[in-house]
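Here the structure comes first, spelled out in structure tokens, and everything after it is commentary.
Protein chains: 2
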Amino acid sequence: MQRISDSTVHRLSKYFRTLIYMQGKGIKTVSSKNLAHHNGVTAAQVRKDLSCFGAFGRRGLGYNVVDLRSNIGKIMGLDRAWKVALCGVGNIGRALLDYDQFRSQGFQITVAFDKDPAKIGKTIHGVSVRNEIDLERDVKAEKVDIAVVAVPARAAQSIVDRLVVGGVKAILNFAPINIKVPPGVYIRHENMAIEIETLSFALTNPDLVQSE
Amino acid sequence: MQRISDSTVHRLSKYFRTLIYMQGKGIKTVSSKNLAHHNGVTAAQVRKDLSCFGAFGRRGLGYNVVDLRSNIGKIMGLDRAWKVALCGVGNIGRALLDYDQFRSQGFQITVAFDKDPAKIGKTIHGVSVRNEIDLERDVKAEKVDIAVVAVPARAAQSIVDRLVVGGVKAILNFAPINIKVPPGVYIRHENMAIEIETLSFALTNPDLVQSE
């Protein structure tokens, strides 16, 4: 089977959200054209993305909303709960502890770490903050699936190395620095400035961008 | 000239960061292949993305790092300072007030708003928090270019409507809700859960994804 790009997976995430919305509205079926329209892509793109994983719709009938949602959820691994560890309880970390979009998609921060004595032992948004010194041991004991790294850039590589020692196979990095991981470990970088740059691009090139 | 997609602009952002990194390392020229390798795309994709905006490299010689960085910066509008207003000084808002990646790319949060009397008048990371009641008047007076909306979902549409009244043409929305804006206004949505879903996808389908 072909490799799937992150861009395809990002679009599946968006289709999944649209389907949740439609299901909430009681909509039973959706065409590739309509699903495309909601997500700013072409109908051909929607059909191509979905065809990577099988045949979901019926020609002329479109997709059943509940079934397609369920299928994309399974493909994305969103039909189960993932144990998430948070490293770094600063501003971004605190925001993520209270982030509904994580919880609603099955990403449950069950354990958090910091090295600040003023934070260790505190319970923030229902999660008690542990001493970072126990990181390797605790992520192993807690069988953490995914770690979110929200520490300062200078500390990020060392934290990631220790997460890998603790057996963590998937890391979401908020620190503005490239991080090395060994084979078999997945890392993705979250940069909240990327999206604001599409706005400066739009303001700079209004003729090249579709506004609302 | 053709319309440019957000995906293309996102890739330009990434190339721009790679070029900054290379410039810092003293690297003088870069091939499309090398720039592609750093960003997980093909060399053909790099050439296609850049060709939308002119001819920057020379066949066989690659791109001059400093020149290409400068050119992409101009294209993206990253060669100037943008006045940014923050609406909502909760966890995400506080994180953004202290977010180096905004500042370093020219996005300067010069004014922040909240409706919580406990926050109004406080100075947080150098920005004093104003009363949200003055939103329309103040964003107009301050000539705000871009507003970042980090209020709860239920309040987001009303805040955006008021920003539009105040003349703001570009909005970055962190609230997990679809927002309507009139023609001529650009809005982008930041969802910090999209990237973690590429990790659940990778853990669910290790054969379909390249790990490190």
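For the record, the sequence lines run as chains A and B.
Mind the numbering: the first sequence is residues 1 to 212 in the numbering used here, read in order.
Mind the numbering: the second sequence is residues 1001 to 1212 in the numbering used here, read in order.
Where is the CB? At the ideal position from N, CA and C, for every residue including glycine.
Closer than 7 Å to chain B by CB, G24(A): At a cut-off of 7 Å, the C-beta of G24(A) has no neighbouring C-beta in chain B.
For S128(A): DSSP bridge partner residues: S128(A) is bridged to T123(A).
Burial state of T123(A), where buried means 16 or more other Cβ atoms lie within 10 Å: The C-beta of T123(A) has fewer than 16 other C-beta atoms within 10 Å across all chains shown, which makes the residue exposed.
Proximal chain A residues relative to V1009(B), where beta-carbon distance stays under 8 Å: Those are E197, T198 and F201, listed as they occur along chain A.
C-beta contact flag for L1172(B) and V1148(B) at 7 Å: The beta carbons of L1172(B) and V1148(B) sit closer together than 7 Å.
is_contact[L1035(B), chain A] using C-beta, thresh 7 Å: L1035(B) has a beta carbon lying at 7 Å or more from every beta carbon in chain A.
Contact with chain B by I194(A), beta-carbon distance below 7 Å: Chain B has a Cβ within less than 7 Å of the Cβ of I194(A).
Per-residue DSSP class, three states only, for N1173(B): Three-state result, N1173(B): strand.
Residue range of the unbroken beta strand (DSSP E) whose run includes V1084(B): W1082 to C1087 is the span of the beta strand (DSSP E), which, as asked, contains V1084(B).
Alpha helix (DSSP H) runs contained entirely in the region 158–210 of chain A, provided each spans 4 or more residues: Along the region 158–210 of chain A, the alpha helix (DSSP H) occurs as fully enclosed runs of 4 or more residues at 193–204, listed in sequence order.
The region 1006–1025 of chain B contacting the region 1049–1068 of chain B, beta-carbon criterion three pairs below 8 Å: Contact holds: three or more Cβ-Cβ distances are below 8 Å.
Exposure of K1169(B), with buried meaning 16 or more beta-carbon neighbours within 10 Å: Residue environment analysis places K1169(B) among the buried positions, since at least 16 neighbouring C-beta atoms fall within 10 angstroms of its C-beta.
Cβ-Cβ distance between T1204(B) and G93(A) below 7 Å: The answer is no: Cβ separation not under 7 Å.
Pick from A1118(B), I1146(B), L1061(B) and I1133(B) that is closest to T1110(B), judged by C-alpha positions: Relative to the Cα of T1110(B), the nearest Cα in the group A1118(B), I1146(B), L1061(B) and I1133(B) belongs to I1146(B).
Helix, strand or coil at Y63(A) according to DSSP, with G and I counted as helix: DSSP, reduced to helix, strand and coil, places Y63(A) within a strand of the structure shown.
Min CB distance N1091(B) to chain A below 7 Å: Interface flag for N1091(B) against chain A is set, since a Cβ pair is found closer than 7 Å.
Contact set between T1110(B) and chain A, taken where Cβ atoms lie within less than 7 Å: Here the premise fails: no neighbours, minimum Cβ distance about 14 Å.
Beta carbon proximity, R1094(B) to chain A, threshold 7 Å: Answer yes: the Cβ-Cβ gap between R1094(B) and chain A drops below 7 Å somewhere.
Between the CA atoms of T1008(B) and L208(A) - distance to the nearest angstrom: Going by the C-alpha atoms only, they are around 12 Å apart.
Between the CA atoms of K83(A) and I133(A) - distance to the nearest angstrom: Cα-Cα distance, rounded: 20 Å.
Uninterrupted beta strand (DSSP E) stretches inside the region 1010–1049 of chain B (no shorter than 3 residues): If only complete runs of 3 or more residues are kept, the region 1010–1049 of chain B shows no beta strand (DSSP E) anywhere.
Enclosing alpha helix (DSSP H) for A95(A) [first to last residue]: First-last of the alpha helix (DSSP H) with A95(A): N91 to L97.
Exposure of I1194(B), with buried meaning 16 or more beta-carbon neighbours within 10 Å: Per the 10 Å Cβ criterion, buried.
Beta bridge counterpart(s) of I109(A) as assigned by DSSP: Paired residue(s): V84(A).
Close Cβ partners of I159(A) (< 6 Å) along its chain, the five nearest in sequence each way excluded: Correct list, in chain order: C87, V149 and V151.
Residue-chain proximity (T1018(B), chain A), Cβ-Cβ < 7 Å: For T1018(B), not one C-beta of chain A is nearer than 7 Å to its own C-beta.
Identity of the residue in G40(A), A141(A) and G73(A) nearest G106(A) by Cα: Minimum Cα distance to G106(A) is reached at G73(A).
Segment limits, beta strand (DSSP E) that includes V1148(B): In this chain, the beta strand (DSSP E) harbouring V1148(B) covers I1146 to V1149.
Same chain, Cβ closer than 6 Å to F1174(B), neighbours up to 5 away in sequence not counted: The residues are I1092, A1150 and E1190.
Start-to-end residues for the alpha helix (DSSP H) that takes in E236(A): Because residue 236(A) is not part of the residues shown, which for chain A are 1 to 212, the question remains open.
DSSP beta-bridge partners of D114(A): DSSP, once it has assigned bridges, lists N131(A) as partnering D114(A).
Simplified DSSP state of R1103(B), which is helix, strand or coil: Here R1103(B) carries a helix assignment [DSSP, helix/strand/coil].
Coil, strand or helix - R1058(B) by DSSP: Correct three-state label for R1058(B): strand.
7 Å Cβ cutoff, P1176(B) in contact with chain A: By this cut-off, P1176(B) is an interface position.
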